[in-house]
Every structure is written in structure tokens, then in C-alpha cells.
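Each remark here refers to the structure printed beneath this line.
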Amino acid sequence: MNDSSPNCASSQNALRAFQFVESRICRGITAVFLVAAIGGIFLTAPSASAANTKPNVLILVSDDQGWGDVGYHGGEMATPNIDKLVEEGLEMNRFYAYPICTPTRTSLLTGHISMRHDIFAPSQNLGHDPQLMNQAFKNAGYMTMTAGKWHLGRDTQRDFPINRGFDHTYGSLNAGPDYWTHGRGEVKDWGRDGRTVHENGYATDLFGNEISRLIRDRDPSKPFFSYVAFTAPHTPLQAPQEYVDKYAHIEDEDRRIYCAMVEVLDVAIGNILQAVDDEGIRDNTLVLFFSDNGGSAGADNGDFRGRKGQVYEGGTRLPAIFRWPGVIPAGVRSEQSVVVYDIFPTFVEALGIPTKLNMPFDGESVWDTLQSGKTRSRKTDILIGNSTAYSVHSGEYKLVHSNVNKNTPDAPAETIELFKIYDDPNETKDVSKANPDVVNAMLAKNRFMAEMIGNAPFRAPRGARGGVRAGGRLGGRPGGPGGRGGNAVAAGGPGGGDQVAAGPRVGGAGWSRYGGGRPSSAPIVRDANGNIVHLHESIPE
Ligand SMILES: [Ca+2]
Numbered sequence: 000m001n002d003s004s005p006n007c008a009s010s011q012n013a014l015r016a017f018q019f020v021e022s023r024i025c026r027g028i029t030a031v032f033l034v035a036a037i038g039g040i041f042l043t044a045p046s047a048s049a050a051n052t053k054p055n056v057l058i059l060v061s062d063d064q065g066w067g068d069v070g071y072h073g074g075e076m077a078t079p080n081i082d083k084l085v086e087e088g089l090e091m092n093r094f095y096a097y098p099i100c101t102p103t104r105t106s107l108l109t110g111h112i113s114m115r116h117d118i119f120a121p122s123q124n125l126g127h128d129p130q131l132m133n134q135a136f137k138n139a140g141y142m143t144m145t146a147g148k149w150h151l152g153r154d155t156q157r158d159f160p161i162n163r164g165f166d167h168t169y170g171s172l173n174a175g176p177d178y179w180t181h182g183r184g185e186v187k188d189w190g191r192d193g194r195t196v197h198e199n200g201y202a203t204d205l206f207g208n209e210i211s212r213l214i215r216d217r218d219p220s221k222p223f224f225s226y227v228a229f230t231a232p233h234t235p236l237q238a239p240q241e242y243v244d245k246y247a248h249i250e251d252e253d254r255r256i257y258c259a260m261v262e263v264l265d266v267a268i269g270n271i272l273q274a275v276d277d278e279g280i281r282d283n284t285l286v287l288f289f290s291d292n293g294g295s296a297g298a299d300n301g302d303f304r305g306r307k308g309q310v311y312e313g314g315t316r317l318p319a320i321f322r323w324p325g326v327i328p329a330g331v332r333s334e335q336s337v338v339v340y341d342i343f344p345t346f347v348e349a350l351g352i353p354t355k356l357n358m359p360f361d362g363e364s365v366w367d368t369l370q371s372g373k374t375r376s377r378k379t380d381i382l383i384g385n386s387t388a389y390s391v392h393s394g395e396y397k398l399v400h401s402n403v404n405k406n407t408p409d410a411p412a413e414t415i416e417l418f419k420i421y422d423d424p425n426e427t428k429d430v431s432k433a434n435p436d437v438v439n440a441m442l443a444k445n446r447f448m449a450e451m452i453g454n455a456p457f458r459a460p461r462g463a464r465g466g467v468r469a470g471g472r473l474g475g476r477p478g479g480p481g482g483r484g485g486n487a488v489a490a491g492g493p494g495g496g497d498q499v500a501a502g503p504r505v506g507g508a509g510w511s512r513y514g515g516g517r518p519s520s521a522p523i524v525r526d527a528n529g530n531i532v533h534l535h536e537s538i539p540e
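Here the sequence shown is numbered in numbering that gives the first Met the number 0, starting from 0 and rising by one per residue.
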């Protein structure tokens, strides 16, 4: 695999970026002192102090937001704050992530293909070996904070984000907590800094409020790294009634509520960005927004094929925006192909952060393309997978290899499809038969993906309510095992459940990886008086 550690040229780019920022900062500070001198007043300028720090990092991740579920892609919900980010930043038109929550989050925070950590499905445990992106920033002097869902392990207290390199944590350990009761069933899954808290409010609002408060109350002499992992618009479909009422004209109930959830998400993002502005640190803050995977219940994946859980474009090609005023071009649409595990190496180069990696990044820094807004050939293929299938993007071609998991009971036959993804973004025409050499070369080069997934534990798919509005292909209510709407189940079933069926450990695939991927569980624990011990406290040391 590649080693995309920053090279000299890229370091020079980063240096130029810093010099540019510093020159802006110097001009800003000079202006502040001039104003103070002229006015005869003393300015306690938090902005001057804050601007002297290294640039801040603000990562905003939505959960199961489809390609068509942003205003700038024609979504019917109001997302003025996300749309404004597009005007002020770089719109990524070819941004890819894994088709399911936990693999995307693993890839984001490690810079690795999630399979390296035996992560194929939701709610698996990442383990403790890899250095996470936030840990690298913490080691570099950053204050680190996260709000939202963790979803990367909860077998022991060591797995908690507060013990994984975050100074401040807030939210749930699991996916999909109830937006109002903040847990599942009787067990509350809501914590701050590793301890259960009981608070009132709608989850999305609370996440926005928490991060805004932490930004406003921070020590301005230190830069911050903020990872906001919103649970919206993931199921359960719940939203404040006043927002649902704004979409009363939408007949489909799932869609009506989903639109309201996205609008509240946008309000929370606006709340956080307002805190950044109020603190005078907009020009010194690198912002990234993206959705973690394609949409499911109530979502709209545009005209793309597939949905959450599948490696087709509907599950993996997602809205994404970078903003850093004066450094990253504003109002430009980038056609550069970027995958979620590029982000860590990109930020390392952009911000000059040292790392202590046990294994080289799989991703490559795309910092040069973020600064220029231009497109270049990738040095590495884009590799995405789930527990049954994987895809490879290589230049103009995308290969989809399905049904490769040998542990799937009564597994259907393996299938191989090839698409010219630039000409055929909706993956309607399989050109594999006409290009056998291309297929064979892509299969041979990436055989380890088939080996990894082929030996992965079988994951039983669960039926679920609702369907997506993906060009009418996936409408309707419950699908059975293997797919919610009957489209292209060969590339993987739904990814919303939590139970991983017993199966053999992945092993012997012939390429290095960490040992992670243990399934998690959350039994109800009661104290001596029969009272429920809520999730954070019920987990052993
Ligand atoms: Ca998700």
C-alpha cells in the first residue's frame, strides 16, 4: 500500500498556506491596534489572541444524509447554513465515504481502509492501537472535543472517546439514540466526559449548543480540534413539531419528518458557525462538512443507484464542503475524487501536525487540490467496502465486486460489474464484458479486499421501516432480509442494525492490519435496588 506521508513539496505548500494566513493575521492585528490607538481605547481582543494559534479544525458530520438532501443539490428542505458553506468554500462533487456509519468513522479518524481494523459493519469496536486524528492534534497542543455519537466501541471504559484523545465529549456511545429520551428503551445513552447526564432537549440542538459553548468558553491561546458527529437525520425519524409542520405539504410521512430533521441539523450547524464568527476565528478555522453515508429511511440519494449499506454511488457519493477563507477557494466546485480516509493525511499536511502511526496512511493528501480547486489524477485507488462487497475507483473505471463473503449462508454467486463512472454516474451500464483486461487488472491489484471481506463474519441484515427516494427505485415499506426495497441487494444489505452474527475471526489475509472489529453489546444492568444503571456507568473498566 502507499505511504502518503507529506513530502517536501507538499510541506512547502503547507508552509505557504501558513505564511499566507500569518500575513493576514498580522494585517488583522495591526488593524486592531490602529483602531485601538485612534480610538484611545484598550481592546481585550480575543480575536487577536485566538488568531495567533495554529488554525482550528471543525469537522461536521451528518448521519445518513443523502446526496439530494441538501439545498444546494435541489433538496426540498431548507439548509441555508450548509448552502452558505458552499458559497464560502470548496464544494466537493466527488467525495466518497463508506456506505455505513462505523467504517466511515474508522476511516475518518485513522486514515485507513476500515477493513484494516476488521471493521465491516456498524457498531464494531475499533480497538486502541491506531493513533486517531484527534490524538495527533491533541499531541500537537490542540484542545480536542467531540459531540454526537461515537459508535467506535463501548466494551470497556477504555473505548470511550474521553479515553481516546478527546478533552471534552458529549453525546451517545451507540448509534440512533432517541432524539428526546437520549437512549434506547430504558437505558439512557447520553454522557458528558464519560458520565451519564440527564438533560432535556432535542439531540441535534443539544449537540450544536454543546460545541458552540465549548468554542466560546475555550482557552483562546490554544487551537481546537472539534469533531461533531451529528446523529441526524439517522433513524429514529423524530423532529420538533414546528419543523415538521413546515413540511406539511409532503405526503410521505418519513420524508416529511426527515426534511424537518435536516433543517434542524442545518440550524445547529449555523449555531456552531456563528460561535466561530463571534469569536473572530473564521479565517483561522478549517471547516469540513460531509455526510457519513448515503441515505435510508426518508432520504433522497438523487439519481444515484443504491442506498445506505451498498457500495454503489447512492451509498457512498456524498455531499461535502471544505472552507478556510483565504486559503481554500470560495464558491468553487471541485471535481477531485476524494475518499474519507484522505482527510487525516490531508489535514496533517495542511496544518503541519506530527503523527505517530503504526501503519502508513491508506489515504493520500489532497491538500494541493483543496488549495487550487483543480483536479489531478489520484496516486491511489479509492477502496470502499461493506461485509459482503467492495468497490474500486481507478481513474475512469469503477469496479463493484459483490457477494464475496464466504460466510454468508446460501450466498448468491459472486458478481462483478464495471462502470465508466464519469460517463455513467448512475451505474446503469455494466461494461465488464467489453473490458476483461481492465477487470482482471483491478481484481488482481485489489485481491486483498476480496480476501478480507471473504473471511469476514457474516452479518445478518435486518428489515427496517421506510425506503429511500432514489429515483423511485427504492420506495416502499419493509424489505426483508437482504434489502429494504429489492434493488441490487448483491452489493450488501442494510446497515442499520446492531447484531453481528457469530462467525470466524478474520485471519490470514496476507496483509497487515490491527486487530479490532469486536462486536459490541449493551446489556441492561441494574443496581442492588433494581434501578437501571445507564450505559456509560454500566460498562466495565
Ligand atoms: Ca450513517
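Where a beta carbon is used, it is the ideal one built from N, C-alpha and C, also for glycine.
Mapping the DSSP letters down to three states, classify residue i as helix, strand or coil.
i	result
His400	strand
Gln498	Residue placement at Gln498 is flagged as unreliable, the pLDDT there being 28, under the threshold of 50; the coordinate-derived value follows with that caveat. Gln498 falls in the coil class under three-state DSSP.
Ile523	coil
Ile37	Interpretation of Ile37 is limited by its pLDDT of 40, a score under 50 that renders its predicted location unreliable; no figure is taken from the coordinates.
Thr105	helix
Gly207	helix
Lys444	helix
Ala349	helix
Asn528	coil
Arg332	strand
Phe94	strand
Leu534	helix
Glu278	coil
Phe136	helix
Gly269	helix
Asn80	helix
Arg212	helix
Leu125	coil
Gly190	strand
Glu252	helix
Phe343	helix
Val338	strand
Arg183	strand
Given that a residue counts as buried once 16 or more other Cβ atoms are within 10 Å of its Cβ, and exposed if not, what is residue i?
i	result
Ser122	buried
Asp158	buried
His150	buried
Val347	buried
Pro353	exposed
Pro219	buried
Pro98	buried
Val525	Sequence check: residue 525 is Arg here, not Val. Exposed is the call here.
Arg512	Caution is warranted here: a pLDDT of 35 is assigned to Arg512, below 50, making its placement in the model unreliable, and the coordinate value is therefore given only provisionally. Classification for Arg512: buried.
Gln134	buried
Ser225	buried
Thr230	buried
Thr284	buried
His197	exposed
Tyr421	exposed
Can you give the beta carbon distance from residue i to residue j, rounded, assuming they're within the 8 Å contact cut?
i	j	result
Asn402	Ala412	6 Å
Phe457	Asn404	6 Å
Val337	Val310	The Cβ separation is near 17 Å, so there is no contact.
Leu382	Ile112	5 Å
Asp63	His233	5 Å
Leu264	Ser61	6 Å
Met144	His167	4 Å
Pro324	Glu87	7 Å
Gly110	Phe360	4 Å
Ser290	Arg306	Actually they do not touch by this definition, with Cβ atoms about 13 Å apart.
Tell me which residue opens and which closes the beta strand (DSSP E) that residue i is part of.
i	result
Pro318	Arg316 to Arg322
Ala228	Phe223 to Ala228
Ser57	Sequence check: residue 57 is Leu here, not Ser. Asn55 to Ser61 is the extent of the beta strand (DSSP E) around Leu57.
Tyr169	His167 to Ser171
Phe360	No beta strand (DSSP E) contains Phe360, which DSSP labels as neither H nor E.
Tyr389	Tyr389 to Ser393
Gly147	Met142 to Lys148
Gly384	Ile381 to Gly384
Glu416	Thr414 to Lys419
How would you write the range of the alpha helix (DSSP H) that residue i sits in, first residue to last?
i	result
Glu75	Taken as a continuous stretch (DSSP letters only), Glu75 belongs to no alpha helix (DSSP H), as it is neither H nor E.
Leu285	Premise fails: Leu285 lies in the beta strand (DSSP E), Thr284 to Ser290, not in any alpha helix (DSSP H).
Leu369	Trp366 to Ser371
Tyr201	Looking at the DSSP string, Tyr201 is not in any alpha helix (DSSP H), and its letter there is neither H nor E.
Glu540	Counting along the chain, Glu540 falls outside any alpha helix (DSSP H), and DSSP gives it neither H nor E.
Val243	Gln240 to Asp244
Nearest-residue set for ligand 1, Cβ under 5 Å from any heavy atom: Ordered along the chain, the selected set is Asp62, Asp63, Cys100, Asp291 and Asn292.
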